[in-house]
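Residue numbers (my numbering), protein chains in the order written: chain A, 2 to 250; chain B, 897 to 1271. Everything below concerns the one structure shown next.
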């Protein structure tokens, strides 16, 4: 009888009585892990652009991205200024291809944090190399509402000195764990950037941000808009794409 | 000029009719003042380039590119004209293009095909889309077979029918005129092969260039240990005299690092050296301006500060430690509008009158400003 009681209590816990309480008590780390899980695909093909707007006008760069698992990414730039330039990441290595020079350059270490084509994004950012859990401690600070969406509010504090932002604040959608807003701070505590997610698309059960805007608060009237115009997840992607042969083709 | 224009029009029209073509053009216009030793002169020039690239076919690529250097005269060059075809196990490139062998940004002892960068190179990078492309502008007529041996290994064989001297003469001249030589003696040609692979995180490359009077084997390595580093070496062997010690070994080594410099700023540095150990280690009294009398050691240094997503400050220097002279180049590159870069540049020579670079010489100080527009 005692055993049945324990079993019944356990079932009650698991079948819904206690489980929602567990989900309500998620740690900051777990929320961050679930947010990042949205960004992991078996394979992916996408096309998009980023648009830099400042007081002088607008500059647009367009690209195609192919990825296989978490280890392989190929980015091909398609705008006239950078047409044919490619970035290949396989594991911890990044290769750049410059068609005018017919040259492949392999970069490692600090060079991976360099800006891609003068944007706000680094090679690490663009190729999915960065894992926030490795770099930050995540603290759940409470809940908030962003654009009508109920969100967890996280504060991220850097574990390492070599990260770009020593502190970040993130708002993560409670429903689908999509990032909705982010603030980035300098070591002095001054807010230097704001990221707003304009549109999140549900694709094969994952919440994928497809339109977001980064504002640089150190520059007046400056922002980078990132638009994914076409995205396919878990579709066949040829493994040969992630080779030096394809890179230099 | 009359020969080139109909060719360009024909390719443009036929390209539009029968296939997908991507057309890009770039113009770099610069103007400024230069110290001509006895006086101050005004200098103005323009580099232009039009490129027609095929697209849409996954297994065939073609490119025709025409470059122009325009000042008070116009010099045209068909810098690229090639077809590249991919088969299941290999790919073939035929025509005028370039291949990048060896490791090194400025000095590259492994580049046995284009000999690496010479001291007369334009460290401003103005002659093309930037320093990287500017240093690697040279192309050659070649037949190239590329055989992949896995994701990061390959074998490449290249045949160059025309001798090196022809390539150098053709650079900047009308190479695609009716005067272009189509039949060359077999002895004038060169063949080269290389194998590239990766072992324990280090990129390894080895190969050789064979020509009628000699063979030049080379090796290059590239890796990361605190900094990105590379090293290359070559040893020309004179087969004509059977003297395996006649050629001078040439070495190049380089390092590259990058750091965050607060906010979005990034500071990067590069240091490279070229070493000919059997060459001259003592200063010569008869060095001609900008010409290497055969010194054993040269250094290239570069410091760059990218302050934002569109502004880059840089300082580059080519140094001859043996005669203690240097060419220093500094500037600002500002990507102000789509495709448009605004440039401010200054260069100075440091050294005595009998050094490679020297103060009180022609061009010892120059100030330039201009635009680069790619569209």
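Yeah, the Cβ is synthetic: ideal placement off N, Cα and C, and Gly gets one too. Quick caveat, the model's predicted, so the values are computed rather than measured.
- Under the Cβ distance rule, residue 991 of chain B does not count among the residues neighbouring chain A, no pair being separated by less than 9 Å.
- For the C-beta of residue 61 of chain A, the chain B residues within less than 9 Å are, from N- to C-terminus, 1234.
- At least one beta carbon of chain B lies nearer than 9 Å to the beta carbon of residue 163 of chain A.
- Proximity of chain A to residue 918 of chain B at the Cβ level (cut-off 7 Å) is accounted for by 84, in chain order.
- Residue-level contact check: residue 81 of chain A touches chain B, since one or more beta carbons of chain B fall below 9 Å from its beta carbon.
- Bridge partners of residue 1118 of chain B according to DSSP: B:1099, B:1126.
- Proximity of chain B to residue 48 of chain A at the Cβ level (cut-off 9 Å) is not reached, the minimal Cβ distance being about 15 Å.
- At a C-beta separation below 8 Å, residue 190 of chain A has no neighbours in chain B, since its nearest C-beta there lies roughly 14 Å away.
- Residue range 29-38 is occupied by the alpha helix (DSSP H) that includes residue 37 of chain A.
- Counting C-beta pairs with one atom in each stretch, the region 207-214 of chain A and the region 223-235 of chain A have three or more that are closer than 8 Å, which means they touch.
- Per DSSP, the unbroken beta strand (DSSP E) holding residue 1052 of chain B starts and ends at 1050-1056.
- Assignment of beta-bridge partners to residue 1169 of chain B by DSSP yields B:1149, B:1195.
- For residue 40 of chain A and residue 71 of chain A, the gap between their C-alpha atoms comes out near 9 Å.
- Listed in chain order, the positions of the region 946-975 of chain B with a beta carbon within less than 8 Å of a beta carbon of chain A are 949, 957.
- Excluding residues up to 5 positions away in sequence, 52, 214 lie with their Cβ nearer than 6 Å to the Cβ of residue 226 of chain A in the same chain.
- The Cβ-Cβ distance between residue 920 of chain B and residue 1270 of chain B falls below 9 Å.
- For residue 1229 of chain B, the uninterrupted beta strand (DSSP E) run begins and ends at 1221-1233, by DSSP.
- Between the region 1119-1126 of chain B and the region 1149-1165 of chain B, the count of C-beta pairs closer than 8 Å reaches three or more; the two stretches touch.
- The DSSP-derived three-state label of residue 945 of chain B is strand.
- With fewer than three CB-CB distances shorter than 8 Å, the region 981-988 of chain B does not count as touching the region 996-1012 of chain B.
- Separation of residue 1192 of chain B and residue 1173 of chain B (C-alpha to C-alpha, rounded to the nearest whole angstrom) is 6 Å.
- Annotation for residue 133 of chain A: the continuous alpha helix (DSSP H) segment containing it runs 133-136.
- Annotation: residue 1082 of chain B is outside any beta strand (DSSP E) and is labelled neither H nor E by DSSP.
- Assignment of residue 200 of chain A by DSSP, reduced to helix, strand and coil, places it in the strand class.
- Taking residue 1164 of chain B as the centre and dropping the five residues before and after it, the same chain places the C-beta of 1154, 1200 closer than 6 Å to its C-beta, in chain order.
- Within a 10 Å sphere around the beta-carbon of residue 1038 of chain B sit 16 or more other beta-carbons, which makes this residue buried.
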